[in-house]
Amino acid sequence: MPVQTAQIRAMHWTDIPAVQTLERQLFPVDPWSVETFWSELALVPQTRCYLVATAQDDDAEELLGYGGVFTVGSDADIQTVAVSPQAQGKGIGRLLLHNLLDTARARGCSRVFLEVRSDNHSAVQMYLKDGFEQTGSRKDYYASGVDAIVMRKLIGGTS
12 MPVQTAQIRA MHWTDIPAVQ TLERQLFPVD PWSVETFWSE LALVPQTRCY
62 LVATAQDDDA EELLGYGGVF TVGSDADIQT VAVSPQAQGK GIGRLLLHNL
112 LDTARARGCS RVFLEVRSDN HSAVQMYLKD GFEQTGSRKD YYASGVDAIV
162 MRKLIGGTS
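Residues in the sequence shown are numbered consecutively from 12, following this note's numbering.
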C-alpha cells in the first residue's frame, strides 16, 4: 500500500476493535487494553489527538496504522505509532508522525518527546531521520532486557 493511497483521519470509537486487533498483533507482550484506548479517546480534543491511517479496499476500509499524541503546555508526547506488518516500510509511520507533529505544533507545543523500544531499529531510524535526538534511556522499560530510548524533537510553536 503506497503512502499516496493512505488516508489520515481522526480515530473514532468504532475504530477501537480494529485498532485493538492490530495492537495485539504488534505488541503481544504488552498491548494497550480496549479500556486504555477508550480512556485516551475520552480526552480528545482537550489533551489528546488520535489518528488512523486507512486505505479503501473495494467497499471496505482497511486499517494501516494508528498514532496518538498527548499535548500539554509547550510539550507533546507521542503516545503510540503503529503500522500493520503489510504496510510497514511504505511511509505510513512517517505520515502518521508528521500529522501528529502538525497537531502538536498547532497546539503551541515547542518540544515533542517519545519513547521507542531499543530493539525497534526501523522506528529508531525513522525518528532520527526526522530530527529527533536521543536524550536518555529507560532500562527494562518494555520488558526485561528491552530498554526505552527517550527522544526529543524541537518544533515550531510557543515556548
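Note that the Cβ used here is the ideal one computed from N, Cα and C, for glycine as well. Being a predicted model, the structure only gives us computed values, none of them experimental.
If you draw a straight line from the Cα of Arg128 to the Cα of Asp158, it comes to about 6 Å. Here DSSP, grouped into helix, strand and coil, assigns Arg118 to coil. For Ala117, same chain residues with a beta-carbon under 6 Å away, outside a window of 5 residues either side, do not exist. Taking each of Leu112, Asp151, Leu139, His132 in turn and checking the Cα distance to Gln90, the smallest one comes out for Leu112. Leu125 is the residue among Asp130, Asp151, Ala154, Leu125 whose C-alpha sits nearest the C-alpha of Gln145. Between Arg122 and Ser85, the CB-CB gap stays under 8 Å.
Leu33 places its beta carbon less than 8 Å from that of Leu74. Using a Cβ distance threshold of 8 Å, Gly79 and Ile103 do not count as a contacting pair.
Between the alpha carbons of Leu54 and Ala115 lies a gap of roughly 15 Å. In this structure, Lys101 is the residue among Trp24, Gln136, Lys101 with its C-alpha nearest to the C-alpha of Ala66. By a beta-carbon distance limit of 8 Å, Val45 does not contact Ile19. Their separation comes to about 23 Å. Val92 places its beta carbon less than 8 Å from that of Leu107. The DSSP-derived three-state label of Gly79 is strand. Around the CB of Val40, fewer than 16 other CB atoms lie within 10 Å, so the residue is classed as exposed.
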